[in-house]
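These protein sequences, in sequence, are chains A and B.
Taking the numbering used here, the leading residue of the first sequence gets 1, the next gets one more, and so forth.
Taking the numbering used here, the leading residue of the second sequence gets 1, the next gets one more, and so forth.
Glycine included, C-beta positions come from ideal geometry on N, C-alpha and C.
Below you'll find the structure, written out as structure tokens, and then a few comments.
There are 2 protein chains.
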Amino acid sequence: MSSSNSHSQSQKPSINYGSPCAACKFLRRKCLPDCIFAPHFPADQPKKFEAIHTIYGASNVSKLLNQLSYDERDKAAKSLIYEAEAWQRDPVHGCVGFISILQKRLNELQIELAIARRELSTYIVSEAPQDANAFRRSN
Amino acid sequence: MSSSNSHSQSQKPSINYGSPCAACKFLRRKCLPDCIFAPHFPADQPKKFEAIHTIYGASNVSKLLNQLSYDERDKAAKSLIYEAEAWQRDPVHGCVGFISILQKRLNELQIELAIARRELSTYIVSEAPQDANAFRRSN
Chain A
1 MSSSNSHSQS QKPSINYGSP CAACKFLRRK CLPDCIFAPH FPADQPKKFE AIHTIYGASN
61 VSKLLNQLSY DERDKAAKSL IYEAEAWQRD PVHGCVGFIS ILQKRLNELQ IELAIARREL
121 STYIVSEAPQ DANAFRRSN
Chain B
1 MSSSNSHSQS QKPSINYGSP CAACKFLRRK CLPDCIFAPH FPADQPKKFE AIHTIYGASN
61 VSKLLNQLSY DERDKAAKSL IYEAEAWQRD PVHGCVGFIS ILQKRLNELQ IELAIARREL
121 STYIVSEAPQ DANAFRRSN
């Protein structure tokens, strides 16, 4: 960001203290104070912007962020980075591959829990008559 | 796809029987037999291509698909559609929001399973000496 630039700020300022943000550096353009990318793509993390630029393109990311509030933008930027990096690791499934793994593990755990609870219920049921007899004996 | 087109085919043919695929119809261009989109974006599902075009852009999707084999392309197209539709439903988190929900549910299930197994172990431990006594009595 150019510290001499006097644009009015429609959002919180970026925090790159004089140097262009990772996006503007990558796109070789001047980083203005109201840069949509600067708060979310600091200069010291160039790989994150490169990843989302490769998968989505700067223009699509800009459009997506522009429709959100400042706080929402930061969450969206993090999600975009997460998904873009997932596409770089797995160009066939992206982060949907991870969703499939999580869903499979979730199904396994639900089955394991159902088995454990069924086994537990056999102990609880077999204990119940003893308790009833103990109650009758004590009265 | 134009049925009169005689381009050599470097991949499996698309199956849109004469009409352009959803991508070519959206992009208002001629759908050639080697169209990278046609096998994965049939004409009768225009919303799916619109979703990925809005989020990724046709050029980025084309680049991503071009680096893959035919079978991998179909999986990648499905994942791209899934993620793009997730961004349309949730413009702040995309499908990362669903990953967070799955991870939270996975943690809850792991805790529930640990509790059930701990409770089960108290019954199994309390049964063990009785079994040992029964074994001693029978010998």
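The three-state secondary structure of B/I101, taken from DSSP, is helix. Its chain contains L64, L80 and A84 as the residues whose beta carbon lies nearer than 8 Å to that of A/Y56, once the 5 sequence neighbours on both sides are disregarded; these appear in chain order. Taking the Cα positions, B/S19 is about 7 Å away from B/A43. Within its own chain, the residues whose Cβ lies closer than 7 Å to the Cβ of A/F26, once the five positions on either side in sequence are excluded, are P46, F49, E50 and H53, listed in chain order. A straight-line Cα-Cα distance of about 14 Å links B/F41 and B/R29.
Counted as a single uninterrupted DSSP element, the alpha helix (DSSP H) harbouring B/A76 occupies residues Y70 to R89. The beta carbons of A/P91 and B/L102 sit no closer together than 8 Å. Around B/E83, the beta-carbon contacts reaching into chain A at under 8 Å are E83, G94, C95 and V96. With the criterion set as a beta carbon lying under 8 Å from some beta carbon of chain B, the stretch 23-49 of chain A has no members that meet it. In this chain, the alpha helix (DSSP H) harbouring B/V61 covers A58 to N66.
Proximity of chain B to A/Q103 at the Cβ level (cut-off 7 Å) is accounted for by L102, in chain order. Where B/H53 is concerned, the enclosing alpha helix (DSSP H) starts and stops at P46 to I55. Interface flag for B/Q88 against chain A is unset, since no Cβ pair is found closer than 8 Å.
Annotated three-state conformation of B/C24 is helix, per DSSP. Residue A/N66 holds the alpha-carbon nearest to the alpha-carbon of A/D34 among A/A76, A/N66 and A/A58.
For A/I55, the chain B residues whose C-beta falls within less than 9 Å of its own C-beta are Y56, N60 and L64, listed in chain order.
Around the beta-carbon of A/I115, fewer than 16 other beta-carbon atoms lie within 10 Å, marking it exposed. When 7 Å is used as the limit between beta carbons, B/A51 is near no residue of chain A, the shortest such separation being about 12 Å. Chain A places a beta carbon closer than 8 Å to that of B/Y123, counting this residue as a contact.
Nearest C-alpha to A/F98 among B/F37, B/Y82, B/I36 and B/L113: B/Y82. Residue nearest to A/D74 within the set A/A38, A/R117 and A/E119 is A/A38 (criterion: CA-CA distance). Just so you know, the alpha carbons of A/C31 and A/W87 end up roughly 27 Å apart.
Within chain A, no residue has its beta carbon less than 8 Å from that of B/I111; the closest one is some 10 Å off.
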